[in-house]
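To keep things clear, I will list the structure first and then write my remarks on it.
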Amino acid sequence: MKNPFCWLGDRSAVWLELATFFRLSYNGIMQTNEFPLTKLLKLLKNIGRWIVTGLVAVYGCPSLVLAEDGRSGVSSSLGGSTPLNGVNINRLLGADRVYDAGFTGSQAIVAAIEGTVPDLSHVTMSNVTERVYGTAVPNTYQVAHHNHPTAVSHAMSGNHGPPPTNTVYHGHGIAYGAETWAGAIATTFQSNGDYNTDFASTASPYSTMMVTGVGGRTADVINSSWWFDNSFGNRLDTIGTDGLANRSGKLLVHIAGNAGSNVSTVRGFGAGYNAITVGALEFGNPLIPYMSVAGFSGRGPNDVAFALETNVWTASQGQTRAAVDIVAPGRNLTLARPTGGSNSYVSNLAGTSYAAPLVTGGAGLLIDAGKTLYGTSQAIDARVIKAVLLNSAEKLPDWDNGQSTSAGHIVTTQSLDYAQGAGRMNLSNAFDQYVNLADGGLATTADLPGVFPGVDAMVGSMGWDFAQVGIMSTNSYFLNQPLAGDSLFSATLAWFVDRNPGSLADFSGAGEEHFANLELDVFQCDNLIDRNRIRTVAQSISMFNVVEHLSFQIDAAGYYGIDVRFPSSHWNFVGSDSEIYGLAWNGVAVPEPHSLAMLVVALTGCCFRGGRRIGDD
Numbered sequence: 247m248k249n250p251f252c253w254l255g256d257r258s259a260v261w262l263e264l265a266t267f268f269r270l271s272y273n274g275i276m277q278t279n280e281f282p283l284t285k286l287l288k289l290l291k292n293i294g295r296w297i298v299t300g301l302v303a304v305y306g307c308p309s310l311v312l313a314e315d316g317r318s319g320v321s322s323s324l325g326g327s328t329p330l331n332g333v334n335i336n337r338l339l340g341a342d343r344v345y346d347a348g349f350t351g352s353q354a355i356v357a358a359i360e361g362t363v364p365d366l367s368h369v370t371m372s373n374v375t376e377r378v379y380g381t382a383v384p385n386t387y388q389v390a391h392h393n394h395p396t397a398v399s400h401a402m403s404g405n406h407g408p409p410p411t412n413t414v415y416h417g418h419g420i421a422y423g424a425e426t427w428a429g430a431i432a433t434t435f436q437s438n439g440d441y442n443t444d445f446a447s448t449a450s451p452y453s454t455m456m457v458t459g460v461g462g463r464t465a466d467v468i469n470s471s472w473w474f475d476n477s478f479g480n481r482l483d484t485i486g487t488d489g490l491a492n493r494s495g496k497l498l499v500h501i502a503g504n505a506g507s508n509v510s511t512v513r514g515f516g517a518g519y520n521a522i523t524v525g526a527l528e529f530g531n532p533l534i535p536y537m538s539v540a541g542f543s544g545r546g547p548n549d550v551a552f553a554l555e556t557n558v559w560t561a562s563q564g565q566t567r568a569a570v571d572i573v574a575p576g577r578n579l580t581l582a583r584p585t586g587g588s589n590s591y592v593s594n595l596a597g598t599s600y601a602a603p604l605v606t607g608g609a610g611l612l613i614d615a616g617k618t619l620y621g622t623s624q625a626i627d628a629r630v631i632k633a634v635l636l637n638s639a640e641k642l643p644d645w646d647n648g649q650s651t652s653a654g655h656i657v658t659t660q661s662l663d664y665a666q667g668a669g670r671m672n673l674s675n676a677f678d679q680y681v682n683l684a685d686g687g688l689a690t691t692a693d694l695p696g697v698f699p700g701v702d703a704m705v706g707s708m709g710w711d712f713a714q715v716g717i718m719s720t721n722s723y724f725l726n727q728p729l730a731g732d733s734l735f736s737a738t739l740a741w742f743v744d745r746n747p748g749s750l751a752d753f754s755g756a757g758e759e760h761f762a763n764l765e766l767d768v769f770q771c772d773n774l775i776d777r778n779r780i781r782t783v784a785q786s787i788s789m790f791n792v793v794e795h796l797s798f799q800i801d802a803a804g805y806y807g808i809d810v811r812f813p814s815s816h817w818n819f820v821g822s823d824s825e826i827y828g829l830a831w832n833g834v835a836v837p838e839p840h841s842l843a844m845l846v847v848a849l850t851g852c853c854f855r856g857g858r859r860i861g862d863d
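All you need for the numbering used here is the position in the sequence shown, starting with 1, plus 246.
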């Protein structure tokens with residue numbers, strides 16, 4: 247089932263909140279403490295953004311999205327020979343919301359592993375502090391080989407240096423305050439820029455950055471903008487890197503690849519499991535850019551390699567995996583290019599290679615906030631960050647995760663859209679989803695105590711949790727406020743396939759261990775005292791995925807809850823009896839009665855301010 251509001255983008259939630267507010271006010275059924283002031287203020291702020299965006303669409307307004315407004319960010323190009331006349335990508339993806347809260351990535355270590363390292367003489371590479379080479383990699387290559395890794399690192403975390411001005415606005419990547427590490431895996435380069443690797447040269451930088459560390463520290467999130475031809479996710483180095491993520495809890499971000507719009511075209515590490523796989527968006531209409539998936543971007547459904555033994559697979563399950571998790575701009579990008587000098591840039595770059603590091607940088611911003619505000623390993627665990635980024639993503643036109651009505655409730659056996667995953671990364675939404683109310687976000691639950699929430703956990707209407715569920719068991723989360731009818735609700739569950747990385751030197755001995763089949767349910771209950779379940783509302787019960795995702799409209803006001811279920815395993819060679827997961831959810835609570843007067847006053851003020859004519863003094 248297609249999301250009927252996806253054409254509105256993230257503004258659909260604003261409209262539904264506003265409509266729900268007035269409907270409930272009119273019916274006189276509002277209850278005390280049901281629409282907190284913080285949510286009202288966010289609603290008013292979003293209404294303002296919506297109005298401005300509408301004016302831009304009709305009249306044009308370069309100061310809203312065009313890069314030339316003085317705030318540094320990655321730029322896109324409108325085409326032709328002018329490289330810096332497009333949109334500010336950082337702003338488009340909502341990063342300003344995070345910057346305004348004081349987070350630029352300064353507490354995070356982000357990394358990019360490429361054929362070789364970026365050109366450190368380029369001005370945007372000022373925050374690259376470590377270079378980690380594979381065991382077989384020579385230390386120097388031709389300057390031309392640095393082009394791709396330099397552009398990738400620029401998008402992720404490039405920093406031209408302070409202060410950002412109109413002359414250097416294109417110098418800042420998404421996580422421009424983060425410490426940046428660079429890794430190299432190539433053993434030899436070919437004349438066209440392609441390169442060769444082996445398992446030892448690949449294992450070395452990944453193992454070092456994720457497990458053994460540099461100077462006692464490890465990277466928090468690692469980008470891989472390279473691929474190879476395997477769509478099953480069962481090559482030794484894919485299993486090895488998945489195993490490193492499983493062992494360390496570190497976040498990997500991979501490309502969906504540029505193999506085109508056919509099914510099963512997500513290949514290389516992106517076809518693995520324990521990472522975020524990123525597709526690319528087409529530039530499209532300059533007034534509403536990056537609203538559709540690029541034709542070259544790889545997509546699912548992908549092949550499934552079903553494990554019969556730890557290293558023996560069969561492909562009999564067919565193409566059933568949703569391999570793309572999220573999308574970001576991947577066309578008309580202007581990024582650093584060292585072949586033209588230390589402050590040169592090239593326009594009109596395209597590829598999932600440049601979309602992925604935007605997401606890596608976005609993850610770095612959340613990790614910065616997580617380290618600063620929460621200070622726990624659970625808060626920055628890859629499964630939590632993935633769940634938050636996917637749950638807060640913006641649904642684009644034609645988003646469709648196969649939701650349909652069965653036995654009176656919504657069901658998806660697909661989980662994610664095959665081309666755009668959960669949608670376009672929206673860091674403004676992600677910040678509100680991740681950061682608690684006291685620190686400027688909107689999360690009313692930010693990780694429950696302990697790792698086994700049990701069957702009666704009480705949570706707010708928006709939040710996240712790092713937890714563990716036992717086999718043949720269910721963890722239940724009851725929302726402590728009623729949800730508004732006709733409002734949007736989303737929930738995302740993320741976990742790992744338990745894989746063994748084998749030798750840290752060359753991945754030898756890497757193999758399968760356990761693949762849990764988790765499921766995600768949303769239910770309605772009578773109240774918070776008896777908690778009797780009235781009905782199942784929605785289910786995400788896909789096969790062979792490590793994400794379950796729901797996004798739908800609540801059809802009736804009332805009390806709701808979420809079940810995380812562990813009914814079975816696809817394979818279990820080590821006798822595992824539980825699975826760790828990250829969960830994120832977002833619902834709209836029924837408004838408070840005292841909010842109506844405040845909303846009317848605020849909107850009236852906006853109308854008077856908006857009535858000033860051009861030429862008035």
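Cβ coordinates follow ideal geometry from the N, Cα and C atoms, glycine included.
Of Asn393, Ala424, Phe724, the smallest CA-CA separation from Asn438 is found for Asn393. Pairwise C-beta distances place the segment 551 to 561 out of contact with the segment 364 to 383, as fewer than three of them are shorter than 8 Å. The C-beta distance from Asp571 to Ile522 rounds to 5 Å, short enough to fall under 8 Å. No Cβ-Cβ contact shorter than 7 Å links Gly351 with Ala401. Annotation for Asp646: no alpha helix (DSSP H) segment contains it, and DSSP assigns it neither H nor E. Under the 8 Å Cβ criterion, the segment 770 to 777 does not count as touching the segment 453 to 473, having fewer than three qualifying pairs. Contact annotation: the segment 574 to 586 touches the segment 331 to 349, with at least three C-beta pairs closer than 8 Å. Linking Val701 to Asp365 through their CA atoms gives a straight-line distance of about 53 Å. Around Asn672, the same chain offers Asp256, Leu339, Gly340, Ser638, Ala639, Glu640 as residues with beta carbons nearer than 8 Å, after the five sequence neighbours per side are excluded. Minimum Cα-Cα distance from Arg481 among the listed residues Pro747, Ala803, Glu825, Arg777 corresponds to Pro747.
With a cutoff of 7 Å on beta-carbon distance, Gly380 and Ile431 are scored as near each other. The three-state secondary structure of Pro813, taken from DSSP, is strand. In the structure shown, Met371 falls within a strand segment according to DSSP collapsed to helix, strand and coil.
Annotation: the continuous beta strand (DSSP E) that includes Gly429 extends over 425 to 430.
Looking at the DSSP output, Ser824 sits in a beta bridge with Gly716. For Pro584, the three-state secondary structure derived from DSSP is helix. Within the segment 425 to 497, the runs of beta strand (DSSP E) at least 3 residues long that lie entirely inside it are, in chain order, 425 to 430, 467 to 470. Each residue's CA atom was taken as its position, placing Asn791 and Phe445 some 26 Å apart.
Taking 7 Å as the cut-off, the beta carbon of Ala354 is found closer than this to the beta carbon of Ile613. Per the coordinates, the alpha-carbon of Gly687 lies some 9 Å from the alpha-carbon of Ser674. Residue burial is scored here from C-beta neighbours: Asp801 has fewer than 16 other C-beta atoms within 10 angstroms and is therefore classed as exposed.
The C-alpha of Val369 is placed about 5 Å away from the C-alpha of His406.
Of the residues Phe812, Met704, Gly587, the one whose Cα lies closest to the Cα of Met718 is Phe812.
Here the C-alpha atom of Val460 lies approximately 24 Å from the C-alpha atom of Ala602. With a cutoff of 7 Å on beta-carbon distance, Leu642 and Arg670 are scored as near each other.
The continuous stretches of alpha helix (DSSP H) do not include Gly332, and DSSP gives it neither H nor E.
Under the three-pair Cβ rule at 8 Å, the segment 679 to 696 does not count as touching the segment 806 to 823.
According to the DSSP assignment, Tyr600 belongs to the alpha helix (DSSP H) that extends over 598 to 619.
With respect to the 7 Å criterion, Leu611 and Leu595 are not classified as neighbours on the basis of their beta carbons. Here Met402 carries a helix assignment [DSSP, helix/strand/coil].
Note that the C-beta distance between Asp776 and Glu759 is not below 7 Å. Of the candidates Arg545, Gly348, Asn726, Ser588, the residue whose Cα lies closest to the Cα of Leu662 is Arg545. Ranked by Cα distance from Gly755, the first of Arg629, Thr658, Leu490 is Leu490.
Collapsing the DSSP output to three states places Thr396 in a helix. When DSSP states are grouped into helix, strand and coil, Arg513 belongs to the coil group. In this chain, Ser733 is not harboured by any beta strand (DSSP E), its DSSP state being neither H nor E.
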